[in-house]
Amino acid sequence: MARVRKALTIMSICALALTACAKSDEPGAAPPPGQQQGPVKIGVSLPLTGDFSEPGKGIQEGYQVWADQVNAKGGLLGRKVELIFRDDASDPNRVSSDYESLITQDKVNLVFGPFSSRLVIPAAKVAESYDMLFVEPAGAAAEVFEQGFERLFYAAPAIASDHYDYLADYLTGLPADQRPKTAAYASLDDPFAQGTAYGLRDRLAAAGVKTVVDEVYPPETTDFAPIAAKIAAAEPDLVVGGTQFEDSVGLVRALQELKVQPKLAAFSTGPTLAEFPGAVKGAAEHILSPVGWSATATFTGNQAMVGRYRELFGGAANEDAANGYTVGQIVEAAVNAVKCVDAAKECQDKLTEHIRKSTFDTVVGPLSFDDKGRPEQAHMIQQYVGGKVEIVLPEQARTAELVYPKQDW
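Residue numbers for the sequence shown follow the working numbering, so the first one is 18 and each next one is one higher.
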């Protein structure tokens with residue numbers, strides 16, 4: 018009888034096991050192994066307040082659109098993506114402590130980069146010290162790539178000093194009697210902003226264009242009248258601003274008030290934002306800016322990103338959002354290729370090596386990287402023409418002819 022009871026007990030256990038297996042596909046059943054590990058936590062510190070809050074918010078939205086679309090497809094390796102954001106308030110010291118905390122306390126699986134070269138360098142140092150992959154959307158200054166980072170990749174078409182290459186080619190290729198003779202430069206004291214302005218300055222100076230003003234101002238500057246007065250006195254053919262958003266607006270307004278009338282005006286970052294024309298009160302026409310992305314481009318995922326951005330945020334996507342989204346595209350492709358997504362050094366090594374040797378289809382076009390993490394492509398040049406943003410350089414991407422000289426302010 019004891020043997021019978023024992024046999025019945027074993028049969029009962031087996032029956033229960035079979036029942037559990039049979040119910041595993043029913044609602045409320047245990048999730049598949051990938052989901053049992055919980056979400057893929059991605060840590061990001063961004064300047065959501067402070068000097069870089071405007072583009073910082075755009076980067077955040079790009080990350081959010083990417084995560085939304087990835088989760089709609091089932092996540093990364095079957096695990097939902099969870100973005101953990103910190104506000105570094107545009108402070109390099111705070112961004113360092115944010116990434117330290119995200120890695121050691123929040124135990125994130127991955128980190129994505131912040132906005133601005135000033136913040137990317139200290140953030141990347143922390144990531145590097147923990148052997149974490151660091152793909153970033155907005156650290157384009159030359160010094161970013163002089164730190165010896167082995168895990169950093171800049172997810173945009175070109176570094177800062179190369180942003181204006183197409184414009185430099187255009188201007189230096191003009192007949193001598195049409196080429197600008199003098200140029201004035203005003204730049205935010207920021208490695209990215211200065212990098213864009215000085216990349217163009219150096220190309221034009223080598224071609225004989227004389228620099229008549231070269232001003233650098235601190236990030237807290239709000240009164241641009243003194244700089245505009247120097248530019249007005251020099252009467253340059255070309256005005257170039259190494260700018261973010263608020264300072265680009267301040268400079269244009271100050272130049273407009275003094276009726277400075279250059280033949281051409283170019284500013285980095287600011288004019289690429291939808292708020293720019295309204296902020297400069299009608300002075301946007303014919304202003305140029307380097308741009309790494311276009312809403313009308315047919316690059317991989319671009320139209321889907323543009324549409325989903327509008328659904329989530331009720332407006333038009335901008336370049337900052339596109340750059341944030343591009344970070345996600347690159348990391349997603351790497352994760353799917355190497356089949357791991359955790360903070361262990363072995364996995365981070367695999368992800369890093371895959372990105373280093375691959376080319377990625379993204380919303381800003383095909384991207385590949387050199388041995389320092391620099392992109393190997395180039396920026397387009399946009400111009401406001403008839404109140405619309407048009408791509409005027411290079412020729413193969415052109416949606417309108419470049420207007421030169423510009424209309425008066």
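For glycine and all other residues, C-beta sits at the position ideal for the given N, C-alpha and C.
Query	Result
Evaluate K423 with the Cβ neighbour count: other Cβ atoms within 10 Å of its Cβ, from every protein chain shown; 16 or more gives buried, anything less gives exposed.	buried
Per DSSP, L127 forms a beta bridge with which residues?	I59
With respect to the alpha helix (DSSP H) encompassing G341, which residues constitute its N-terminal and C-terminal limits?	E336 to V355
Can you grab the Cα-Cα spacing for the pair F129 / A301, in whole Å?	33 Å
Can you give me the start and stop residues for the alpha helix (DSSP H) that Y202 sits inside?	No alpha helix (DSSP H) holds Y202; the beta strand (DSSP E) holding it covers T199 to L205.
How about T238: is its Cβ closer than 7 Å to a heavy atom in the ligand PLP?	Because no ligand of any kind appears in the structure shown, any question about the ligand PLP cannot be addressed here.
Taking F170 as the reference, give the member of R218, K389, H396 and Y202 with the closest Cα.	K389
Is the segment 220-227 touching the segment 184-202, taking contact as three or more C-beta pairs under 8 Å?	yes
When you compare only the Cα positions, how much space is there between E349 and L275?	50 Å
Out of P64, V82 and P109, which one is the CA nearest neighbour of A141?	P109
So, using beta-carbon positions, are K362 and D148 closer together than 8 Å?	yes
Less than 8 Å between C-beta atoms, sequence neighbours within five positions excluded: which residues of the same chain meet that for F386?	F170, Y171, I372, R373, P392 and E393
Please specify which runs of the beta strand (DSSP E), each continuous and at least 3 residues long, are wholly inside the segment 126-157, giving them in chain order.	127-129 and 151-153
What is the C-beta distance between S134 and G165, in whole angstroms, given that I count them as a contact (C-beta under 8 Å)?	Going by Cβ atoms, the distance from S134 to G165 rounds to 16 Å, so no, they are not a contact pair.
Cβ atoms of V352 and L119: under 8 Å apart, would you say?	no
With a CB to CB cut of under 7 Å and the five nearest residues on each side skipped, what residues in its chain are close to V428?	Nothing about residue 428 can be reported from this structure: the residues present for the chain run from 18 to 426 only.
For P236, which residues from the same chain have a beta carbon less than 7 Å from its beta carbon, with the 5 sequence-adjacent residues on both sides left out?	D68, L205, D206 and D207
Roughly how many angstroms separate the alpha carbons of Y202 and E407, rounded to a whole number?	24 Å
Let me know the alpha helix (DSSP H) ranges lying completely inside the segment 260-309, each 4 residues or longer, listed in chain order.	263-274 and 293-296
Where does F241 sit, in a helix, a strand or coil, going by DSSP?	coil
Where does A223 land, buried or exposed, given buried means 16+ other C-beta within 10 angstroms?	exposed
Is DSSP giving K389 helix, strand or coil here?	coil
Around the Cβ of W426, are there at least 16 other Cβ atoms within 10 angstroms (buried) or fewer (exposed)?	buried
Can you tell me whether L150 is buried or exposed, with buried defined as 16 or more other CB within 10 angstroms of its CB?	buried
Would you mind working out which of P243, F284 and M397 sits nearest V262, comparing C-alpha positions?	In the sequence under discussion, the amino acid at residue 262 is Phe, which differs from the Val named in the question. Measuring from the Cα of F262, the nearest candidate turns out to be F284.
For a quick check, are the C-beta atoms of V402 and F316 less than 8 Å apart?	no
Distance, Cα to Cα, Y116 vs V125?	10 Å
Which term fits D179, buried or exposed, when burial requires 16 or more other beta carbons within 10 angstroms of its beta carbon?	buried
Would you kindly check if the distance between the Cβ of G332 and the Cβ of A427 is under 8 Å?	The structure shown does not extend to residue 427, since the chain spans only 18 to 426, so no value can be given for it.
Is the beta carbon of F209 less than 8 Å from the beta carbon of A177?	yes
Quick check: what's the CA-CA separation for Q54 versus G341?	26 Å
Measuring only the C-alpha atoms, how far is L272 from I244?	9 Å
Considering only their Cβ atoms, is the gap separating A312 from A338 smaller than 8 Å?	no
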